[in-house]
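Going line by line, the protein sequences match chains A and B.
Per the numbering used here, the very first residue in the first sequence carries number 559; after that it's consecutive.
Per the numbering used here, the very first residue in the second sequence carries number 9; after that it's consecutive.
We put the beta carbon where it would ideally sit given N, CA and C, even for glycine.
The next block holds one structure in the form of C-alpha cells; read it before the comments.
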Amino acid sequence: MKDDNIDLDELSLIWKSETPPVPKKFTSPVQLARLKMYALTAIETMIAITGSGVAIYLLADGLFLLGLATLTFCLASLGISFWSRSGASRISTGSVKAELQTSIKQTQSQYRWAWGGIWICSFALLFLAVVAYLFSTNQETQAAELARSFQYFSVTLVFVALNLAVTSVILEKSRKKLFRLKLLYENMIN
Amino acid sequence: MRDYISANHNFLRHVLNREDEFQKILTDHGGMIWRIVRNYERDQQVCLELNQDIYFAIWKAIPKFKGNSKLKTFLARIAHNKCISHVAREAMKPNHEELDFSHPSDDDTPYENIESSNRHDLLMEAVRRLPLGLQQVISLSLEGFTPKEISSVLGENPNIISIRLTRAKKFLRDDLEELKNER
C-alpha cells in the first residue's frame, strides 16, 4: 500500500480471492413471488369475467344503469390489474441508474394505481348507495326490487371492504418502496 | 470488433441451446456475481438466494445480449440491478450491522488461508462502509472494470466515474486503516 494512494492491483487480488458457492437448482423466492403474481392475476381475471357476466345478466334483466356500472367497474378493475403488473417480470439489463429510474416510475404507477383502486371502490359504493336510496324512497318500487338493490349493495360493500383492505396494504408497500428507491437513487448519484 | 461481436453471437447461440454453456458463464463470471452480491448483502443465506435470482435473471436475459458491450459488463449490470431491487425490497442497512469476525469454518486451516480470509473480510467491510455510489464504483474497479466500462454498467458519465473512483480510493484507504486499528 502506498502512502498517498492505495494499490488497487493488490486489493483486486484480495477481492477476487473469495470463491463463489457451487450453483444449486433454481429455487428462488422470487420465482415463487412471480408465480403468486400470475395466480393473483388469474383470480382477478376470473372475478372480473364473472362480474361482467353478472353485469350482462343485469342489463338483460332491464337494470340498465346498475348493469352498466357493474360492467364498467369490472372492466376498469381488469384493465388496471393488467396495467399495474405490466413490466413486473422484466429483467433489468440497462444501466443501474436508468433501471433505478424505471423502478421509481413503476412504483409511482403502482402507488397511483392503489389510489385509483380506492377511488373506484368508493365511487362504486356511493353509486350503489344512491341507487338503493332512490329505490327505497320511490313509492312505486316493489318489495322484491328493493330487496335486490340492498342485496347488491351488501355484496358490493363486502367486496369493496376487502378490496380497500388489500389496496391499503399495497399502498403502504408502494409508499415505502418508493421512499427506499428514491433514497438509493440519491445515495447513488451523490 | 466485428469478429468480437460475431464470436459473442455464436457463443450465445450455443448458450440458448445448451445448458452446459450457461454453466460456462457461471464458471467464468460466477465469482464476480457472487462478490457483487456480497457487497450488497451480509447474510450468507440471503446472498445464496440472491445469487440464484441473478443466475435466473441472466438465464432469461441472455437472449437480449446483442454484443454491444462485453458479456462481463452485461452480467454486471444485471447483478447490480438485481441487488438494487433487493435492497429496495428488503430495506437492508448493510452499514449498520455488526461484522462477523468469526472464522468461517471449524476445519484445520493453514495460517495463510486465515490471513487471506481476514484480509478479504477487512477489504469487504471497508468497501461496505463506503457510500453506495462509491461502493459500486470501487467494487467494479476491483473486478477489473475500466472507468468507461463502469460508466456503462452504472449509467453515469465516465468523468463522474473517475472522480468517484478517486474519492472512493481515498475513503477506502482511510477505512482500511481504521479497521486495521480497530482489530
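**OP:** On a CA-only basis, which of A:733, A:631 and A:564 is nearest residue 666 of chain A? Give me that one, please.
**Re:** A:733
Original post:
So which residues on chain B does residue 641 of chain A lean against when the C-beta distance must stay under 7 Å?
Top reply: Correct list: empty, because the minimum Cβ distance to chain B is about 20 Å.
**OP:** Measure how close the beta-carbons of residue 147 of chain B and residue 44 of chain B come, nearest whole angstrom, since I'm counting them as under 8 Å.
**Re:** 7 Å
Original post:
Rounded to a whole number of angstroms, what is the C-alpha to C-alpha distance between residue 614 of chain A and residue 632 of chain A?
Top reply: 11 Å
Original post:
Grouping DSSP H, G and I as helix and E and B as strand, with all else coil, what is residue 674 of chain A?
Top reply: helix
Original post:
Is the CB-CB distance between residue 4 of chain B and residue 85 of chain B below 7 Å?
Top reply: This structure does not reach residue 4 of chain B, given that chain B is present from 9 up to 191, and the question cannot be answered.
Original post:
chain A beta carbons: is any one of them nearer than 7 Å to that of residue 107 of chain B?
Top reply: Here residue 107 of chain B scores only 37 on pLDDT, less than 50, and its place in the model should not be relied on; the value that follows carries that caveat. Chain A, which has no Cβ nearer than 7 Å to the Cβ of residue 107 of chain B, makes this no.
Subject >> Of the listed residues B:77, B:180, B:145 and B:49, nearest to residue 651 of chain A (C-alpha basis) >> reply: B:77
Original post:
Looking at the C-beta of residue 742 of chain A, does it have a partner C-beta in chain B at a distance below 7 Å?
Top reply: yes
Original post:
Below 7 Å between beta carbons: does that hold for residue 81 of chain B and residue 151 of chain B?
Top reply: Contact flag unset, no.
Subject >> Helix, strand or coil at residue 186 of chain B according to DSSP, with G and I counted as helix >> reply: Residue 186 of chain B falls in the helix class under three-state DSSP.
Original post:
Taking C-alpha atoms, which residue in B:70, B:59, B:141 and B:130 lies nearest to residue 39 of chain B?
Top reply: B:59
Original post:
Closest to residue 673 of chain A by CA distance: which of A:707, A:629 and A:724 is it?
Top reply: Cα-wise, what sits closest to residue 673 of chain A is A:724.
Original post:
Can you check whether the CB of residue 96 of chain B is closer than 7 Å to the CB of residue 742 of chain A?
Top reply: yes
Subject >> Own chain partners of residue 617 of chain A with C-beta closer than 8 Å, once the 5 adjacent residues on each side are dropped >> reply: 625, 626 and 629
Subject >> Contact set between the stretch 720-745 of chain A and chain B, restricted to residues whose Cβ is under 8 Å from the partner >> reply: 734, 735, 738, 739, 742 and 745
Original post:
Does residue 658 of chain A get closer than 7 Å to chain B when you measure Cβ to Cβ?
Top reply: Yes, residue 658 of chain A counts as interfacial toward chain B.
Subject >> Residue burial classification, residue 641 of chain A (beta-carbon count within 10 angstroms, cutoff 16) >> reply: exposed
Original post:
Under a CB-based cut-off of 7 Å, is residue 75 of chain B close to chain A?
Top reply: no
Subject >> Cα-Cα separation between residue 55 of chain B and residue 653 of chain A, rounded to whole angstroms >> reply: In a straight line, the C-alpha of residue 55 of chain B is about 22 Å away from that of residue 653 of chain A.
**OP:** Might you give, ordered along the chain, the residues of its own chain that have their beta carbon closer than 7 Å to the beta carbon of residue 690 of chain A, omitting 5 neighbours on each side?
**Re:** Annotation for residue 690 of chain A: 707, 708 and 711 place their beta carbon closer than 7 Å to its own, counting only its chain and skipping 5 residues before and after.
Original post:
Shorter than 7 Å from the beta carbon of residue 667 of chain A to some beta carbon of chain E?
Top reply: Protein chains A and B are contained in the structure displayed, whereas chain E is not.
Original post:
Taking Cβ to Cβ, would you say residue 718 of chain A is nearer than 7 Å to residue 679 of chain A?
Top reply: yes
**OP:** Note down the Cα distance separating residue 601 of chain A from residue 728 of chain A, rounded to an integer number of angstroms.
**Re:** One C-alpha to the other measures close to 17 Å.
Original post:
Taking Cβ positions only, does residue 139 of chain B come closer than 7 Å to chain A?
Top reply: yes
**OP:** Ignore the nearest five residues each way along the sequence and tell me which others in residue 685 of chain A's own chain have a CB closer than 8 Å to its CB.
**Re:** Excluding sequence neighbours, residue 685 of chain A sits near 627.
Subject >> Straight-line Cα distance separating residue 730 of chain A from residue 129 of chain B >> reply: 37 Å
**OP:** Indicate the three-state DSSP secondary structure (helix, strand or coil) for residue 138 of chain B in the structure shown.
**Re:** coil
Original post:
Would you say residue 89 of chain B reaches chain A, if we count a Cβ-Cβ gap shorter than 7 Å as a contact?
Top reply: yes
Subject >> 7 Å Cβ cutoff, residue 68 of chain B in contact with chain A >> reply: yes
Subject >> Supposed contact pair residue 139 of chain B and residue 745 of chain A - C-beta distance, whole angstroms, cut 8 Å >> reply: 6 Å
**OP:** Indicate the three-state DSSP secondary structure (helix, strand or coil) for residue 516 of chain A in the structure shown.
**Re:** The structure shown does not extend to residue 516 of chain A, since chain A is modelled only from 559 to 748, so the question has no answer here.
Original post:
Just the Cα atoms here: how many angstroms apart are residue 634 of chain A and residue 572 of chain A?
Top reply: 57 Å
Subject >> Per-residue DSSP class, three states only, for residue 565 of chain A >> reply: coil
Original post:
Of the choices A:676, A:670, A:703 and A:700, whose alpha-carbon is the least far from that of residue 715 of chain A?
Top reply: Residue A:676 holds the alpha-carbon nearest to the alpha-carbon of residue 715 of chain A among A:676, A:670, A:703 and A:700.
Original post:
Do you know how far the Cα of residue 143 of chain B is from the Cα of residue 135 of chain B?
Top reply: 6 Å
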